[in-house]
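The structure appears right after this line, and notes come after that.
Protein chains: 2
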Amino acid sequence: MTSAEIITIGDEILIGQIVDTNSAWLAQRLGELGIRVTRMESIADTPDQIHAALRAALSRVPVVLTTGGLGPTSDDRTKHVLLQLFGGRMEAHLPTLEHVRTMFAQRGQPLTESNRSQADVPSSCRVLPNASGTAPGMLFERQGTILIALPGVPFEMRHIMETSGLEALAQHVRADAYYIRHEVVHTYGIAESHLSDSLRTFEQQLPPHIGLAYLPSPSGIRLRLSGSSPELENLEQQLHHLADELQRRVGPYAFGRGDTTLPREVARLLDAQGCTLCTAESCTGGRVATLLTAQPGASAHFVGGVVAYSNALKRSLLGVEASALDEHGAVSPEVVQQMALGARRAMGAHYAVATSGIAGPGGGNPAKPVGLVYIAVASDKQVVVDRLQFGNLRDVNIERAAHSALNTLRLMLLENE
Amino acid sequence: MTSAEIITIGDEILIGQIVDTNSAWLAQRLGELGIRVTRMESIADTPDQIHAALRAALSRVPVVLTTGGLGPTSDDRTKHVLLQLFGGRMEAHLPTLEHVRTMFAQRGQPLTESNRSQADVPSSCRVLPNASGTAPGMLFERQGTILIALPGVPFEMRHIMETSGLEALAQHVRADAYYIRHEVVHTYGIAESHLSDSLRTFEQQLPPHIGLAYLPSPSGIRLRLSGSSPELENLEQQLHHLADELQRRVGPYAFGRGDTTLPREVARLLDAQGCTLCTAESCTGGRVATLLTAQPGASAHFVGGVVAYSNALKRSLLGVEASALDEHGAVSPEVVQQMALGARRAMGAHYAVATSGIAGPGGGNPAKPVGLVYIAVASDKQVVVDRLQFGNLRDVNIERAAHSALNTLRLMLLENE
Numbered sequence: 006m007t008s009a010e011i012i013t014i015g016d017e018i019l020i021g022q023i024v025d026t027n028s029a030w031l032a033q034r035l036g037e038l039g040i041r042v043t044r045m046e047s048i049a050d051t052p053d054q055i056h057a058a059l060r061a062a063l064s065r066v067p068v069v070l071t072t073g074g075l076g077p078t079s080d081d082r083t084k085h086v087l088l089q090l091f092g093g094r095m096e097a098h099l100p101t102l103e104h105v106r107t108m109f110a111q112r113g114q115p116l117t118e119s120n121r122s123q124a125d126v127p128s129s130c131r132v133l134p135n136a137s138g139t140a141p142g143m144l145f146e147r148q149g150t151i152l153i154a155l156p157g158v159p160f161e162m163r164h165i166m167e168t169s170g171l172e173a174l175a176q177h178v179r180a181d182a183y184y185i186r187h188e189v190v191h192t193y194g195i196a197e198s199h200l201s202d203s204l205r206t207f208e209q210q211l212p213p214h215i216g217l218a219y220l221p222s223p224s225g226i227r228l229r230l231s232g233s234s235p236e237l238e239n240l241e242q243q244l245h246h247l248a249d250e251l252q253r254r255v256g257p258y259a260f261g262r263g264d265t266t267l268p269r270e271v272a273r274l275l276d277a278q279g280c281t282l283c284t285a286e287s288c289t290g291g292r293v294a295t296l297l298t299a300q301p302g303a304s305a306h307f308v309g310g311v312v313a314y315s316n317a318l319k320r321s322l323l324g325v326e327a328s329a330l331d332e333h334g335a336v337s338p339e340v341v342q343q344m345a346l347g348a349r350r351a352m353g354a355h356y357a358v359a360t361s362g363i364a365g366p367g368g369g370n371p372a373k374p375v376g377l378v379y380i381a382v383a384s385d386k387q388v389v390v391d392r393l394q395f396g397n398l399r400d401v402n403i404e405r406a407a408h409s410a411l412n413t414l415r416l417m418l419l420e421n422e
Numbered sequence: 006m007t008s009a010e011i012i013t014i015g016d017e018i019l020i021g022q023i024v025d026t027n028s029a030w031l032a033q034r035l036g037e038l039g040i041r042v043t044r045m046e047s048i049a050d051t052p053d054q055i056h057a058a059l060r061a062a063l064s065r066v067p068v069v070l071t072t073g074g075l076g077p078t079s080d081d082r083t084k085h086v087l088l089q090l091f092g093g094r095m096e097a098h099l100p101t102l103e104h105v106r107t108m109f110a111q112r113g114q115p116l117t118e119s120n121r122s123q124a125d126v127p128s129s130c131r132v133l134p135n136a137s138g139t140a141p142g143m144l145f146e147r148q149g150t151i152l153i154a155l156p157g158v159p160f161e162m163r164h165i166m167e168t169s170g171l172e173a174l175a176q177h178v179r180a181d182a183y184y185i186r187h188e189v190v191h192t193y194g195i196a197e198s199h200l201s202d203s204l205r206t207f208e209q210q211l212p213p214h215i216g217l218a219y220l221p222s223p224s225g226i227r228l229r230l231s232g233s234s235p236e237l238e239n240l241e242q243q244l245h246h247l248a249d250e251l252q253r254r255v256g257p258y259a260f261g262r263g264d265t266t267l268p269r270e271v272a273r274l275l276d277a278q279g280c281t282l283c284t285a286e287s288c289t290g291g292r293v294a295t296l297l298t299a300q301p302g303a304s305a306h307f308v309g310g311v312v313a314y315s316n317a318l319k320r321s322l323l324g325v326e327a328s329a330l331d332e333h334g335a336v337s338p339e340v341v342q343q344m345a346l347g348a349r350r351a352m353g354a355h356y357a358v359a360t361s362g363i364a365g366p367g368g369g370n371p372a373k374p375v376g377l378v379y380i381a382v383a384s385d386k387q388v389v390v391d392r393l394q395f396g397n398l399r400d401v402n403i404e405r406a407a408h409s410a411l412n413t414l415r416l417m418l419l420e421n422e
């Protein structure tokens with residue numbers, strides 16, 4: 006089975022100024038090709054460190070990917086190290102130069118010397134074109150070893166891999182097929198320890214080449230079955246059956262498989278039922294709408310929403326009664342229910358989701374502590390109100406409240422299936 | 006100067022199922038204590054790999070931090086490796102057991118065997134309490150070397166470090182003070198190559214112990230000055246003056262310093278001027294409101310917003326004229342201007358921000374391609390409309406459009422200063 010290492014280059018990673026998302030994306034794509042990532046490393050943007058790390062990685066594994074160190078600014082050194090390692094001379098790659106020229110002309114910006122130098126690459130590489138940026142990817146090959154150097158900007162890196170890099174890797178490993186596959190079951194609304202207890206027997210009965218992992222986050226706990234085998238078809242069938250079994254055991258807490266998300270699952274159910282949705286958000290501040298509209302095709306089911314942050318807007322846009330606000334406060338089952346009903350009226354959708362809570366860090370009191378959130382979901386038949394108590398962290402509370410609202414909606418949609 | 010390595014443990018990182026955000030957060034905190042992270046590594050969750058990686062790191066640097074591998078589920082093996090490396094025996098830590106008991110009692114959930122085992126730790130460690138979760142942090146110390154093992158769940162890990170871990174590290178390195186400091190200047194609305202060209206002289210004149218890095222993202226380009234020196238006060242002054250100079254050279258594109266963001270800067274200006282804001286979003290789908298409400302204290306200036314995804318809601322909630330939608334389409338300067346004016350009327354805020362565009366991937370045509378976005382900002386005195394052309398990626402387009410809207414608002418607010 007082919008092994009690979011991923012090296013991310015840049016002081017900004019080591020000092021923690023940016024989070025490395027490239028490695029995770031690359032590891033997923035490599036896994037799909039049957040390439041196992043055995044190590045990820047982050048190093049500084051100095052010629053010595055780059056040189057040492059690349060040499061070491063090339064001596065250990067047949068596939069090495071690097072990201073970063075190729076931008077137009079002077080803190081980029083990778084290209085010169087690659088020239089040392091693989092030989093050749095630095096020269097302008099004319100199609101890249103032409104592409105850079107065109108990009109700047111379209112934007113009406115002048116072409117500078119540092120833009121122009123983006124087209125210079127070692128003559129020993131094959132250029133992987135970068136349609137969405139200026140620094141191209143570079144592929145070096147020597148004695149059965151392949152190195153792909155990519156820019157660090159995530160969407161440029163992805164685009165290069167999708168248009169040419171992954172195909173080159175697939176050709177490279179074709180003779181050495183040993184497969185890794187995963188099946189993921191997504192859950193929401195159950196604690197990790199309870200999942201783990203209820204799945205103990207299931208885990209004990211797993212065959213030795215298949216493992217189960219628990220991946221918790223504010224958007225739910227993913228259960229991942231991972232297996233490896235030289236026999237692809239058997240492996241995929243086995244994982245598929247086990248994931249079915251897992252979903253049965255987890256019951257209504259399980260909301261989907263594969264690379265789905267709670268917003269996507271809600272969208273799927275709404276589209277299948279030909280229904281529309283609107284939102285009325287207070288503590289989640291637009292996060293529910295953002296999750297829904299992040300998906301292509303959202304306009305088929307999402308008509309819109311109101312972020313009624315002030316009480317005045319809860320009244321004027323959603324028709325919440327002043328007496329309800331006075332008697333129960335904005336964070337109350339009464340008000341969140343009126344928000345959902347008012348949103349349906351004002352926006353004319355089949356379903357309405359409403360949130361009201363204390364995201365924190367301030368604003369709590371003993372009766373209504375930080376992390377208290379009410380959620381309401383209204384249809385033409387019913388209104389469901391949930392009370393939830395989260396912790397002290399504003400961002401986590403907002404994320405959990407938004408996902409809890411979508412989950413309550415999902416359960417209501419499932420009843421209509 | 007003290008060096009450190011960070012090791013993240015978990016197959017889920019190597020196969021790319023989760024992105025490691027812990028390393029970046031830890032690296033920032035260590036940098037503030039004058040500890041330089043020389044390497045980050047991600048390894049698999051197997052006893053052999055954990056053992057080998059910990060031994061190697063402990064032989065190289067005096068500070069090692071690990072995250073992951075401590076959860077209640079059976080894919081966690083780190084604790085037993087730590088027992089092997091540092092000796093002692095596994096025993097229940099009674100305050101932790103009590104804490105776990107209380108947590109489950111408060112949630113009304115039964116305490117299971119796997120919950121209980123979270124309180125078992127090697128007797129050779131000092132426990133770092135985990136108030137927000139069940140798995141405690143563990144600190145091991147031997148011959149001037151310190152190892153802190155932390156759970157992988159980001160908010161639990163952060164909480165442990167903030168309440169006890171960072172203080173322990175600060176004590177550990179007190180005798181070895183060599184400082185790293187950074188100053189960051191945030192910019193929005195200028196291309197990296199243009200920044201780089203206009204800062205060439207500035208960069209050439211930097212002293213050898215100070216460097217400049219460009220960190221681009223959809224929310225702008227950060228310029229980071231980094232320096233290291235045994236003399237803290239001098240270093241900080243130098244960086245401060247250089248950042249001032251940088252800000253002067255970048256001009257209105259520079260929007261702030263330190264750990265600020267565009268939404269925070271907008272909030273600061275609104276609060277300082279005693280002004281309020283509302284939003285009317287189409288293509289950004291609530292992202293502008295989400296960015297604003299992610300900040301504590303948002304209710305002081307943010308009254309609310311409308312996500313008018315359908316044309317019907319653009320009319321009913323924002324008063325956009327049917328004729329404007331028919332003649333110019335929803336993605337037009339006319340409609341976005343009416344959205345901003347209508348939002349001010351409907352929500353009664355001093356300022357209104359509106360967005361309308363084609364986020365993609367579908368919905369474009371030659372006259373209005375994917376990535377075309379109009380932004381309007383209205384005050385009682387004026388309406389500014391911007392036309393922007395981004396690329397093909399939905400998530401990037403939404404993020405850029407939301408930040409561009411905030412930047413246009415910021416520039417209007419600055420005129421009133």
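Same order as they appear, the protein sequences are chains A and B. Position one of the first sequence corresponds to residue 6 (this note's numbering), numbered consecutively onward. Position one of the second sequence corresponds to residue 6 (this note's numbering), numbered consecutively onward. Cβ atoms here follow ideal geometry from the backbone N, Cα and C, with glycine treated the same way.
What residues of chain A sit near residue i, judged by a beta carbon separation below 8 angstroms?
i	result
B/Q343	Going along chain A, no residue has its Cβ under 8 angstroms from B/Q343, so there is no contact; the nearest lies around 16 angstroms.
B/N120	S198
B/H187	I20 and Q22
Identify whether residue i lies in helix, strand or coil by the three-state DSSP scheme.
i	result
B/H191	strand
A/D125	strand
A/E236	coil
A/G256	helix
A/R112	coil
A/T117	coil
A/R94	coil
A/T7	strand
A/G149	coil
B/R186	strand
A/R82	coil
A/G36	helix
B/G324	coil
Here's the rule: buried if 16 or more other CB atoms are within 10 angstroms of the residue's CB, otherwise exposed. What is residue i?
i	result
A/S328	exposed
A/A175	exposed
B/N239	exposed
A/S128	exposed
B/H246	exposed
A/M6	exposed
B/D16	buried
A/H214	exposed
A/K84	buried
A/Q343	buried
B/R229	buried
What residues from chain B crowd round residue i, counting only those whose CB sits closer than 7 angstroms?
i	result
A/P301	P366, G367 and R399
A/A32	L19, I20 and G21
Find the residues of chain A that neighbour residue i, judging by a C-beta separation of less than 7 angstroms, and give them in chain order.
i	result
B/P221	V158
Which chain B residues are close to residue i, counting only those with a beta carbon under 8 angstroms from its beta carbon?
i	result
A/E17	A218, L220 and R229
A/V42	L19, I20 and G21
Cβ closer than 9 angstroms: which chain B residues qualify as neighbours of residue i?
i	result
A/I403	T295, T298 and A299
According to DSSP, what are the bridge partners of residue i?
i	result
A/T13	A/S47 and A/T72
A/G362	A/V378
B/E250	DSSP output for B/E250 lists no bridge partner at all.
A/M143	A/V132 and A/A154
B/Q394	B/L377
B/G1	In the structure as shown, chain B begins at 6 and stops at 422. Residue 1 of chain B is therefore absent and cannot be evaluated.
A/I226	A/T192 and A/P221
Say the cut is 7 angstroms; is the CB of residue i nearer than that to a heavy atom of the ligand HEM?
i	result
A/Y356	By its list of ligands, the structure shown contains no ligand whatsoever, and the ligand HEM lies outside what it can speak to.
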